[in-house]
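All remarks here apply to the structure that follows.
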């Protein structure tokens, strides 16, 4: 902490919009949409992170860390409008150091962004929320979730879920003291410009490369990358301060996703289904061991992820549709975009039997 931000900021007559998390999946798509709309953008990056998503883009780059209040305040100075997308996303319980990283990055980082935005008078702050931090019907988790349902902390939850619920508390506290804050609640994202890549993106590549031999059933709400971008823009333009809006494209089971993966890739989907109870038991043992012996090792099917799939939670997007005019696309189109991106731009699909898709519209950016 305490580091001073460095930047390549240039003078401009129009104040830039400020964006955190621009190197991630949502941020990479949001920054491109803002640039397409002619909006000047300043992004806050950590120099040690993978910032490939910003290569070649005409944005102001400021290097710092949202956990550093002074650096965040300096980076925000002169901006008008804030999209706070950055978060440490994780579905593992992890060790003490991991849980502390989640808390400091997500909760304290959000507190710093809100405070800095207020102090430099940057205007409205749109904060990216998580569907996993929204409440649900305890008797029937598949009942569509609405924004008014409070997060339920009395069962086993992931550190990430708890941190994002605390992020919302930071937002409501700021709004109660007069700050202009809106939360854009995000579901599992599918689409292009997935540089890191995401869990769904990695699974799609494994599928196309014939590395996926079985699957677990269950389901979740998925949102197309362009739809969650639309949601953020609508929150900035039309959202009510102190409110949150859920953005989802469609509910899909894992089997539904595999059918779509087969359609876009031409590769036959696996038919072997692993029972959720068995997979949950296996993931408990594996995750416990990995979190303690190899905490940095990536984990695909964690106990937290399995439990979310098991709940088959649905989203009610009525509020976003009626108040903001949200109009979602389809997950099928989002998977096509994702497949083309991973095939052409990441060269991550190497199976010669996989279909060669058309070049994505973003290929030349």
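Residue numbers (our numbering): -4 to 360. By construction, the Cβ of each residue, glycine as well, lies at the ideal position given by its N, Cα and C atoms. Quick caveat, the model's predicted, so the values are computed rather than measured.
Asked, Found
"Cβ separation of residue 239 and residue 76, assumed to be a contact under 8 angstroms, to the nearest whole Å", "Residue 239 to residue 76, Cβ: 18 angstroms. No contact."
"Contacting residues, own chain, Cβ-Cβ under 8 angstroms from residue -2 (five flanking each side not counted)", "Residue placement at residue -2 cannot be trusted, given a pLDDT of 46 that sits under 50; the coordinates are not used to answer."
"Segments of 4+ residues assigned as alpha helix (DSSP H) that fall wholly inside the segment 48 to 121", "64 to 71, 91 to 97, 104 to 114"
"Three-state class that DSSP yields for residue 299 in the structure shown", "helix"
"Option nearest residue 146 by Cα separation, candidates 137, 71, 133", "133"
"Residues sharing a beta bridge with residue 214, DSSP", "248"
"Any non-hydrogen atom of the ligand MG within 8 angstroms of residue 31 CB", "No copy of the ligand MG occurs in the structure displayed, which carries no ligand at all."
"DSSP three-state assignment for residue 193, whether helix, strand or coil", "coil"
"Spatially closest choice to residue 184 from 197, 31, 275, 290, by CA coordinates", "197"
"Beta-carbon spacing of residue 38, residue 56 below 9 angstroms", "yes"
"Cα-Cα separation, residue 115 to residue 199", "42 angstroms"
"Beta-carbon proximity list for residue 252, same chain, < 6 angstroms, skipping 5 on both sides", "none"
"Cutoff 8 angstroms; reference residue 188; Cβ partners in own chain excluding five residues on either side", "20, 23, 24, 27, 48, 220, 336, 357"
"C-beta contact flag for residue 316 and residue 140 at 9 angstroms", "no"
"Cβ distance (whole Å) where residue 301 is taken to contact residue 275 below 8 angstroms", "5 angstroms"
"Span separating the alpha-carbon of residue 82 from that of residue 222", "19 angstroms"
"Nearest-angstrom Cβ-Cβ length linking residue 310 and residue 182, presumed shorter than 8 angstroms", "6 angstroms"
"For residue 34, the first and last residue of its enclosing beta strand (DSSP E)", "Counting along the chain, residue 34 falls outside any beta strand (DSSP E), and DSSP gives it neither H nor E."
"Residue 198 - DSSP class collapsed to helix/strand/coil", "helix"
"Proximity winner among 256, 212, 190, 282, relative to residue 267 (alpha-carbon distances)", "212"
"Spatial distance of residue 155 from residue 304 (CA atoms)", "16 angstroms"
"For residue 250, the nearest candidate out of 152, 215, 151 (CA to CA)", "215"
"Cβ neighbour criterion (16 or more within 10 Å) applied to residue 229", "buried"
"With 16 other Cβ atoms within 10 Å as the buried cut-off, status of residue 206", "exposed"
"Length of the line joining the Cα atoms of residue 126 and residue 325", "18 angstroms"
"Identity of the residue in 236, 293, 209, 171 nearest residue 264 by Cα", "209"
"Continuous beta strand (DSSP E) stretch holding residue 338: start and end", "Looking at the DSSP string, residue 338 is not in any beta strand (DSSP E), and its letter there is neither H nor E."
"Closest Cα partner of residue 338 within the set 201, 179, 248", "201"
"DSSP bridge partner residues for residue 368 (one or two, in chain order)", "This structure cannot settle anything about residue 368, because the visible part of the chain is limited to -4 through 360."
"Host beta strand (DSSP E) of residue 285 (start-end)", "Per DSSP, residue 285 belongs to no beta strand (DSSP E); it is in the alpha helix (DSSP H), 271 to 288."
"Short Cβ contact (9 angstroms threshold) for residue 306 with residue 193", "no"
"Through-space distance from residue 226 to residue 255, alpha-carbon basis", "24 angstroms"
"Distance between beta carbons of residue 80 and residue 15, contact taken as under 8 angstroms", "6 angstroms"
"Bridge partners - residue 123, DSSP secondary structure assignment", "179"
"Euclidean distance between Cα positions of residue 349 and residue 329", "18 angstroms"
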